[in-house]
Amino acid sequence: HGRLSGSAPSDEEFIAAISSNQFKRSKRTRHFLERIESEFYRSGESVNISGEIEHIAPRKSYTATKYNTWPDYFGVGEDTFNEEKDRLGNLTLLEKRLNLRASDNPFVEKKDRYRESEFKMAQAVAEKPDWSIEMIQNRTTELARRAAEIWDFNV
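See the structure below:
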């Protein structure tokens, strides 16, 4: 065992940390999503598409009038939504031109943009029947598990 192994998080700790993390719009988050796209959705093939971070459920779902269909859709309070909106499960990579066209729409319309995307993670989201708090939580856990496989600390 190297000296690192004692201080490395277990997979479960890593998954829990990633699952509870709020992901900011940043280069680091984009890189994180690109790695998941590459390793999990493309079996290690590199990603040569320029993408932006897209919030599947808009961050301002509860505060901006233009998103007024979203709260009904979720059926949860604003506090619950605010805890989940920046989780990994509510994020995808999307080309800028598609992001601009998708951003304000209800999920059923966003899915059409996601289907047009070259990002396989966006295409996978388009296969979902709807977008709920449970979907965000389940996808967060799934992506956190994938991340634990990519960043293996047990060396």
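At position 118 of the sequence shown the residue is numbered 478 (my numbering), and the sequence of numbers has no breaks. Every residue gets a Cβ at the ideal spot worked out from N, C-alpha and C, and that includes glycine.
Is residue i near the ligand ADP, going by C-beta to nearest heavy atom under 6 angstroms?
i: Glu414; result: This structure lacks the ligand ADP; in fact it carries no ligand of any kind.
Would you grab the beta carbon distance between residue i and residue j for me? Rounded to a whole angstrom, and I think it's under 8 angstroms.
i: Glu394; j: Lys480; result: Actually they do not touch by this definition, with Cβ atoms about 12 angstroms apart.
Could you give the DSSP three-state label for residue i: helix, strand or coil?
i: Val407; result: coil
i: Lys387; result: helix
i: Glu509; result: helix
i: Glu502; result: helix
i: Phe400; result: helix
i: Asp472; result: helix
Is it right to say residue i is buried, meaning 16 or more other beta carbons lie within 10 angstroms of its own, or is it exposed?
i: Gly435; result: exposed
i: Leu453; result: buried
i: Ala462; result: buried
i: Val407; result: buried
Excluding the five sequence neighbours on either side, which residues of its own chain have a C-beta within less than 7 angstroms of the C-beta of residue i, listed in chain order?
i: Ala504; result: Ile375, Ile378, Ser379 and Leu448
i: Val485; result: Ile416, Thr452 and Tyr474
i: Met495; result: Lys488
Exercise for review: Jot down the residue ranges of each uninterrupted beta strand (DSSP E) in the stretch 409 to 470, minimum 3 residues, whole runs only, in chain order.
Suggested key: 412 to 415 and 451 to 454
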